[in-house]
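So the protein lines, in turn, are chains A and B. So for the first sequence, this note's numbering puts the first residue at 32; every next one is plus one. So for the second sequence, this note's numbering puts the first residue at 17; every next one is plus one.
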Amino acid sequence: MSVQSEAIPQLTAVTTRKYRTLWGDVWVKFRKHRLAMIGLTILTIIILGVLIGPFIYAEDPEYIDFAVANLAPNAEHPFGTDNLGRDQLARNLTGGRISIAVGITAMLISMTVGSLVGSLAGYYPKLDGPLMRFTDMMLALPILPLLLVIILLFRDSLRTVFGPETGIFLLIVFVIGILNWMPTSRVVRASVLSIKEKEFVEAAVSIGTQQHIVLAKHVFPNVLSPIIVAATLSVASAILTESALSFLGLGFPSDVPTWGRLLFDGKDFLTFTPWVVIWPGLFISLVVLGINFMGDGLRDALDPRLRDR
Amino acid sequence: MGRYIARRLLTAIPTLIAISFIIFVILDLAPNDPTGNLPLTIPPEVKQQIRISLGLGEPMHIRYLKWMQQFFINEPLNLLEGTTGIKIGDSANRFRLRSWATRGPVIDLIIERYPQTLWVVGLSYIVSIIIAIPLGVISAVRQYSWLDQAGTIFSMIGYSVPTFFTGLLAIIIFSANLHWFPSIYDTTLKVKDWASFVLQLKQIVMPVTVLALFQTATLNRFTRSSVLDNLPLDYVRTVRAKGFREYYVITIHVLRNSLIPVVTLIALGIPTIFGGAIITEQIFRINGLGALLIIAIQGSDIPLVQSLTFIFAILIVAFNLIADVIYGVLDPRIRYD
C-alpha cells in the first residue's frame with residue numbers, strides 16, 4: 032500500500048507536464064533561432080509602426096509646402112522633406128502600409144493558386160502531366176518584362192473602372208500574385224506525392240473516404256509547413272517586385288507613396304536630398320531581411336528532419 | 017546522351033511557341049491604340065490608313081503567324097546576310113519587323129544595344145562566380161567559423177537589399193561624396209589608350225558590383241549547402257581513410273561532386289541576371305537592352321516590346337536546356353528517368 036501511495040504523486044507529476052501542441056513545439060524551436068527572432072522583432076516594429084504611426088504622427092503625407100522644401104531631417108520633420116516640401120516620415124509610414132498590403136495580398140493570391148495547382152497535380156496522376164507542363168511554361172516566362180508590359184497596358188482601363196488607387200492596387204497585386212505561384216506549386220506537389228504514400232492516407236481511402244476529402248482533410252494539412260515557409264518568403268519577393276516596378280516608374284502613381292515610388296521620386300535628387308531615398312530603401316531592406324530571417328527560422332522549426340536535433 | 021538532349025529540345029519547342037503566343041496575345045488584347053496619341057486634327061480615314069500601314073489591318077491569327085515568320089525566318093536571314101555578306105533570296109523586299117517609334121528594323125536596335133548589357137551582365141556574373149564559389153567552399157569546410165558567420169550575414173544582406181537601393185547608395189557614397197566613380201555610364205566611350213581604358217574601368221565598377229552583390233549572395237549560399245551535403249558521405253570518408261591530405265580531399269573529390277548543382281544554378285541564373293540588368297541599367301543610365309525595353313514600353317512600341325520580351329523568354333528556355341544538358345553530362349544518373 033505504501034509503495035503505491037508513493038508512486039501516485041510521481042505519476043501525476045508526469046501527466047500534468049505542460050501540454051504542448053504541434054504549433055507550440057514549432058514556437059519553442061522558432062524562439063531558439065536567434066536570427067529568426069531578430070527578424071520577427073524588426074518586422075513587428077515596422078508593421079506596428081506603419082499601422083499605428085499615422086495616428087500618432089498626424090502629418091498629411093500629401094501636403095505640399097514649398098517653404099520647407101528639401102529640408103534635412105530635423106525636429107519638425109524627423110525624416111526631412113522632399114523637393115515639394117512633403118513630410119518624409121508621413122510619406123514613409125503611408126508608403127509602408129501600401130507596400131506591406133501589396134506584399135501580403137499578392138502572397139495570398141500566389142499561395143492559393145500555388146497550393147491548389149500543387150496539391151491537384153500531386154494527388155491526381157491524371158492532372159499531374161498537364162498541370163506541371165503548365166507550371167514549367169509559366170516558369171519560363173520572363174517575369175519582370177511581362178509585369179511591366181501588363182501593368183502599362185492595362186493600367187488606364189482598370190483605373191477608369193475601379194478608381195485611380197484601387198485600380199492600380201488590384202492590378203499590381205493580381206499580376207504579382209499570378210506570376211509568382213510556380214515555385215510553391217512545385218514544392219507542394221513534391222510534398223503531396225510523398226504524403227500520399229503514407230499509411231494514414233491508405234487507411235482513410237480503405238474506409239471509403241472520397242478522394243477529394245482525403246486530399247483536403249488528410250493530405251493537405253500535412254503539407255502546410257512548406258506552404259507556410261513559401262508564404263513567408265513570397266511576401267518578401269512581392270514587396271521587392273512592387274518596389275522594383277514603382278522604381279521603374281511603372282508601379283503606383285506619385286500620389287500613392289509606396290516605398291518603391293519614394294525611391295523613384297527621390298532618385299533624381301539623389302545627391303541633393305539623399306534622405307529621400309535612404310529611408311524607404313532602408314525600410315524595404317529591413318522588411319525583406321526580417322522576412323528572410325523569419326523564413327529561415329520557420330523552415331528549421333517546421334522541418335521534421337531537423338526536429339529534435 | 018543524344019536521345020536525352022533530343023528529348024529536352026523537343027519539349028523546349030512547344031514551350032517557346034506557347035510563350036510567344038501568350039506574349040503576342042497579351043500585347044494584342046491590351047486596350048490601347050498606337051494612333052491614340054496622334055493629334056485630333058488627323059481625320060479618321062488617315063488614322064485608319066496609319067493603322068493598316070502599321071500592320072494592324074488583319075485578324076489576330078494572321079498577324080501572329082506573320083510575326084512568327086518575321087521573327088524566326090526573316091530576321092535571322094537578315095542577320096546572316098549582315099554578318100557573312102552572302103545574299104539569300106530576295107532580301108531587299110523581305111518583310112521586316114519594324115519598330116513603330118523609329119520605323120527602323122527592331123533587330124538593328126537590339127544589335128546596337130546588346131553589347132553594353134552583355135558587358136555589364138557578363139562581367140558581374142564572372143566576378144560573382146569568382147568570389148562566391150571559394151567563399152562557399154571555405155564556409156562549408158569551416159562551418160560556424162567567423163568566416164562562415166560573416167559569409168552568412170553578407171549573403172543575407174546581399175539577398176535582401178534590392179539592387180535599386182544598393183545602386184543608389186553606391187552613387188551617394190562613391191560618386192557624390194567620394195568622387196571615385198562616375199554615376200552615369202557613358203556608352204560612347206571608346207577604349208583607345210590607357211586613359212580611356214581607366215575611364216571605362218571606372219564607369220563599369222559600380223554597375224558590376226551592384227549586380228554581382230546579389231548574385232554572389234545566392235551562389236555562395238548554394239555552394240555552401242551543396243558542399244555541406246557532400247562532406248558526410250561515405251566516399252569522403254573512404255578518401256580520408258586512404259590517407260589523402262584534407263586539401264586534396266576537398267579540392268579533388270568533394271568539390272567536383274558538389275559543384276554539379278552549382279554549375280546548373282549558374283546556367284539557370286543567367287536569364288535572371290538579364291532581368292536584374294533592367295533595373296541596374298535604369299540606375300546607372302546604361303543604354304542597354306533593359307533601357308531599350310523600358311523606352312519601348314513607355315512609348316507603346318508593340319513590335320519592339322514583343323521582340324524583346326520574347327528574346328528574354330528564349331534566353332530562359334535556352335539556359336534551362338543548357339542547365340539540363342550540363343546536369344546530364346556531369347551526373348549520368350539523371351539521364352535515365
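We put the CB at the ideal spot given by N, CA and C, even for glycine.
Within chain A, the residues that residue i reaches when beta carbons sit closer than 7 angstroms
i, result
"Ala-228 (chain B)", "Per Cβ cutoff of 7 angstroms: no residues; Ala-228 (chain B) is ~18 angstroms from chain A at best."
"Gly-98 (chain B)", "Here the premise fails: no neighbours, minimum Cβ distance about 26 angstroms."
"Tyr-175 (chain B)", "Asn-323"
"Thr-361 (chain B)", "Past the boundaries of the shown model lies residue 361 (chain B); chain B is included only from 17 to 353, so the question cannot be answered."
Cα-Cα separation, residue i to residue j
i, j, result
"Phe-335 (chain B)", "Gln-216 (chain B)", "29 angstroms"
"Lys-258 (chain B)", "Val-243 (chain B)", "20 angstroms"
"Tyr-264 (chain B)", "Leu-284 (chain B)", "29 angstroms"
"Asp-339 (chain A)", "Met-168 (chain A)", "Confidence at Asp-339 (chain A) is low in this model, with a pLDDT of 41, below 50, so the placement of that residue is unreliable and no value is reported for it."
"Phe-238 (chain B)", "Ile-135 (chain A)", "27 angstroms"
"Tyr-251 (chain B)", "Thr-302 (chain A)", "57 angstroms"
"Gln-159 (chain B)", "Val-270 (chain B)", "15 angstroms"
"Trp-196 (chain B)", "Val-224 (chain B)", "15 angstroms"
"Gly-306 (chain B)", "Ala-221 (chain A)", "35 angstroms"
"Lys-248 (chain A)", "Ile-238 (chain A)", "14 angstroms"
Partner residues on chain B for residue i, Cβ-Cβ distance less than 8 angstroms
i, result
"Lys-63 (chain A)", "Within 8 angstroms Cβ-Cβ: nothing; Lys-63 (chain A) doesn't reach chain B, min ~16 angstroms."
"Ser-274 (chain A)", "Pro-178 and Phe-180"
"Leu-102 (chain A)", "Chain B residues near Leu-102 (chain A): none, gap ~18 angstroms exceeds 8 angstroms."
"Leu-71 (chain A)", "Neighbours of Leu-71 (chain A) on chain B: none; closest Cβ ~15 angstroms, over 8 angstroms."
"Leu-294 (chain A)", "Phe-180, Phe-181 and Leu-184"
Short CB-CB distance (under 7 angstroms) between residue i and chain A
i, result
"Ala-192 (chain B)", "yes"
"Pro-178 (chain B)", "yes"
"Val-321 (chain B)", "yes"
"Val-136 (chain B)", "no"
"Ala-156 (chain B)", "no"
"Phe-328 (chain B)", "yes"
"Thr-280 (chain B)", "no"
"Gly-291 (chain B)", "yes"
"Tyr-343 (chain B)", "no"
"Ile-295 (chain B)", "yes"
Element boundaries [alpha helix (DSSP H), containing residue i]
i, result
"Asn-273 (chain B)", "271 to 300"
"Glu-91 (chain B)", "91 to 100"
"Ala-89 (chain A)", "Element bounds for Ala-89 (chain A): n/a, residue is neither H nor E."
"Leu-301 (chain A)", "Note, Leu-301 (chain A): premise wrong, no alpha helix (DSSP H); not H, not E."
"Leu-172 (chain A)", "No alpha helix (DSSP H) holds Leu-172 (chain A); DSSP gives it neither H nor E."
Cross-chain neighbours of residue i in chain B, by beta carbon under 7 angstroms
i, result
"Lys-298 (chain A)", "Leu-184"
"Glu-315 (chain A)", "Reading the sequence as shown, one finds Ile at residue 315 (chain A) and not Glu. Near Ile-315 (chain A) (Cβ distances below 7 angstroms), the residues of chain B are Pro-178 and Phe-181."
Where residue i meets chain A, residues with beta-carbon distance less than 9 angstroms
i, result
"Met-172 (chain B)", "Leu-66, Leu-320, Asn-323, Phe-324 and Asp-327"
"Val-270 (chain B)", "Neighbours of Val-270 (chain B) on chain A: none; closest Cβ ~22 angstroms, over 9 angstroms."
"Asn-336 (chain B)", "Asp-167, Leu-170 and Ala-171"
"Ile-311 (chain B)", "Residues of chain A passing the Cβ test: none, with the nearest at roughly 11 angstroms."
"Ile-332 (chain B)", "Leu-170, Ala-171, Leu-172 and Pro-173"
"Ile-188 (chain B)", "Leu-301, Thr-302, Pro-305, Val-308 and Ile-309"
Sequence-distant residues of the same chain with beta carbon closer than 7 angstroms to residue i, five excluded per side
i, result
"Tyr-154 (chain A)", "Val-223, Lys-227, Leu-246 and Val-250"
"Thr-112 (chain A)", "Val-99, Ala-100, Asn-101, Leu-102, Asp-118 and Gln-119"
"Phe-324 (chain A)", "Leu-66, Ala-67, Ile-69 and Gly-70"
"Asn-303 (chain B)", "Arg-129, Gln-132 and Thr-203"
"Leu-28 (chain B)", "Reading the sequence as shown, one finds Ala at residue 28 (chain B) and not Leu. So the qualifying residues of the chain are Val-333 and Leu-337."
"Phe-300 (chain A)", "Asn-114 and Val-307"
"Pro-311 (chain A)", "Asn-123, Gly-126, Trp-290, Leu-293 and Leu-294"
Chain-ordered neighbours of residue i on chain B, where CB pairs are closer than 9 angstroms
i, result
"Met-168 (chain A)", "Pro-30, Thr-31, Ala-34, Ile-35 and Ile-38"
"Gly-15 (chain A)", "Because residue 15 (chain A) is not part of the residues shown, which for chain A are 32 to 340, the question remains open."
CB contact below 7 angstroms: residue i versus chain B
i, result
"Pro-173 (chain A)", "yes"
"Leu-139 (chain A)", "no"
"Arg-338 (chain A)", "Any answer about Arg-338 (chain A) is weak, because its pLDDT of 45 lies below 50 and its placement is not dependable; what the coordinates show is given next. So no, Arg-338 (chain A) is outside the interface."
"Val-308 (chain A)", "yes"
"Thr-302 (chain A)", "yes"
"Met-32 (chain A)", "With a pLDDT of 45 at Met-32 (chain A), under the threshold of 50, the predicted position of this residue should be treated as unreliable, though the coordinate-derived value follows. Output row for Met-32 (chain A): interface = no."
"Phe-278 (chain A)", "yes"
"Leu-271 (chain A)", "yes"
"Asp-334 (chain A)", "no"
Neighbourhood of residue i by C-beta, 6 angstroms cutoff - its chain only, sequence neighbours within 5 removed
i, result
"Ser-277 (chain A)", "Phe-283, Thr-289, Gly-291, Arg-292 and Phe-295"
Cβ neighbours of residue i in the same chain (closer than 8 angstroms, five flanking residues each side left out)
i, result
"Leu-74 (chain A)", "Val-318, Gly-321, Ile-322 and Met-325"
"Phe-326 (chain B)", "Ile-35, Ser-36, Ile-39 and Phe-87"
"Ile-332 (chain B)", "Pro-287"
Residue i CB to nearest heavy atom of the ligand GDP below 6 angstroms
i, result
"Gln-314 (chain B)", "Inclusion of the ligand GDP in the displayed structure is not the case, the ligand content being empty and no account of it being possible."
Where residue i meets chain A, residues with beta-carbon distance less than 8 angstroms
i, result
"Gln-65 (chain B)", "The contacting residues do not exist; Gln-65 (chain B) stays about 24 angstroms from chain A at best."
"Gln-298 (chain B)", "Phe-278 and Leu-279"
Residues that residue i contacts on chain C, provided the C-beta gap is smaller than 7 angstroms
i, result
"Leu-162 (chain A)", "Protein chains in the displayed structure are A and B, and chain C is not among them."
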